[in-house]
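Residue numbers (our numbering): 490 to 830.
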Ligand code: AFP
């Protein structure tokens, strides 16, 4: 069976829709190439002496793994010379990374979590790279890019995707016209299309949540989970299954392929105290999930409508099967607690 390569898919998309500019195609191919190198490093594991901690903390106050730093450097080096970017931002860097003056600047902003799920690296579980692409404001041409130029709601993304380094190395991508999966053919080093356009299958009775955080849950979340734990004897009338991989990329990929819902709600005891980052985790995943017919909510409204105020701001995330996400949202409206001042 002859499969489309990532390059041919994007060239055909460019011809079909006329919206895929060559610089954006170059951006995606450059990120995809960097992900191949990251996959190779991860695959070496202890043999490549890339496991364990770097001995430093990132801007989030989290211990950096060696691979967090390696992957971050790989993505910066791969993307800064091509002329397609105005600037970059990463989970691993406090502020934006400007394109060095020796290189031409482009019209796109690239944001990424170089290794998502990095607490899984040393124990052999799937991790991933998440990326999001925005257009730099026209006003930014001819001046230095600022953090404010990144403060765009997720609905402005022109592309988003992730690589998942698991039993296979996969790239899942949307350019705004559907979600497509590519598998890395290691023998020739090509990304070959293996699925798409993805649509989240309805009715999969599976939820992903870290139950150890139940003290943080609002009454609405508690009600939603308790009903599902009640299973056949409860109001759902059927048993549910639970999964939690502590790697958002792996949980989201499972949902895109077989359905279900992912919840990492904000701590209802102090709104704004949440785990996942808006700009390079929630927004790209919300973009993909909506492109695949699902929904993505922060507990108050659509994630892609959230107006960002900072590169590293955190947000609650409830995403996946549209019916299930809307059920959680309905409980939230019914059981709305007065927003604490
Ligand atoms: P790390 O990259 O620090 O491992 O965090 C992964 C993550 O951001 C996301 O991928 C997981 O869904 C979530 O955190 C896991 O959080 P818990 O460790 O609280 O379960």
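From the three backbone atoms N, C-alpha and C, an ideal C-beta is built for every residue, glycine too.
Report back the beta-carbon spacing between residue i and residue j to the nearest angstrom; my notes put them in contact at under 8 Å.
i: residue 817; j: residue 701; result: That belief does not hold up - the Cβ atoms of residue 817 and residue 701 are roughly 19 Å apart, past 8 Å.
i: residue 642; j: residue 796; result: 6 Å
i: residue 531; j: residue 622; result: That pair is no contact at about 23 Å.
i: residue 820; j: residue 713; result: 6 Å
i: residue 663; j: residue 650; result: 7 Å
i: residue 768; j: residue 600; result: 5 Å
i: residue 803; j: residue 765; result: 6 Å
i: residue 590; j: residue 736; result: The Cβ separation is near 37 Å, so there is no contact.
i: residue 781; j: residue 806; result: That belief does not hold up - the Cβ atoms of residue 781 and residue 806 are roughly 16 Å apart, past 8 Å.
i: residue 480; j: residue 748; result: Outside the displayed span of the chain (490 to 830) sits residue 480, for which this structure offers no information.
Considering only residues of the same chain and omitting the five flanking positions on each side of residue i, which have a CB-CB separation below 6 Å?
i: residue 756; result: 705, 762
i: residue 572; result: 593, 595
i: residue 570; result: 592
i: residue 657; result: 672
i: residue 543; result: 553, 555, 558
i: residue 824; result: 708, 709
i: residue 684; result: 670
i: residue 640; result: 797
i: residue 786; result: 807, 814, 818
i: residue 774; result: 741
i: residue 723; result: 716
i: residue 545; result: 553
For residue i, I'd like the list of residues in its chain whose CB is within less than 7 Å of its CB, leaving aside the five on either flank, ordered along the chain.
i: residue 559; result: 530, 539
i: residue 506; result: 666
i: residue 629; result: 575, 638
i: residue 655; result: 615, 739
i: residue 758; result: 705
i: residue 498; result: 669, 682
Short check: CB of residue i to CB of residue j, under 8 Å?
i: residue 512; j: residue 596; result: yes
i: residue 800; j: residue 660; result: no
i: residue 793; j: residue 813; result: no
i: residue 676; j: residue 730; result: no
i: residue 745; j: residue 784; result: no
i: residue 581; j: residue 605; result: no
i: residue 653; j: residue 520; result: no
i: residue 527; j: residue 618; result: yes
i: residue 681; j: residue 492; result: yes
i: residue 548; j: residue 583; result: yes
i: residue 693; j: residue 611; result: no
i: residue 576; j: residue 564; result: no
i: residue 567; j: residue 510; result: no
i: residue 632; j: residue 647; result: no
Ignore the nearest five residues each way along the sequence and tell me which others in residue i's own chain have a CB closer than 8 Å to its CB.
i: residue 740; result: 697, 732, 733, 734, 751
i: residue 500; result: 514
i: residue 720; result: 727, 728, 729
i: residue 831; result: The chain is shown only over 490 to 830; residue 831 falls outside these bounds and no answer can be derived.
i: residue 718; result: 729
i: residue 502; result: 509, 664, 666
i: residue 645; result: 623, 624
i: residue 725; result: 694, 716, 717, 719
i: residue 674; result: 680, 681
Any heavy atom of the ligand HEM within a distance shorter than 7 Å of the CB on residue i?
i: residue 810; result: You won't find the ligand HEM in this model; what it holds is the ligand AFP.
Checklist entry - Do three or more CB pairs link the stretch 666-673 to the stretch 628-643 at distances below 8 Å? => result The stretch 666-673 is not in contact with the stretch 628-643.
Checklist entry - What residue ranges within the stretch 584-643 form continuous beta strand (DSSP E) runs of no fewer than 3 residues, ordered along the chain? => result 597-605, 616-624
Next on the checklist: Which complete alpha helix (DSSP H) runs does the stretch 751-795 hold, if anything under 4 residues is left out?
Outcome noted: 772-780
Item to check | Segments assigned beta strand (DSSP E), at least 3 residues, entirely inside the stretch 642-712 | outcome: If we require 3 residues or more, the beta strand (DSSP E) runs fully inside the stretch 642-712 come out as 648-654, 658-663, 668-674, 679-684, 695-697.
Next on the checklist: Runs of 4 residues minimum, wholly inside the stretch 792-826: which ones carry the alpha helix (DSSP H) assignment?
Outcome noted: 811-823
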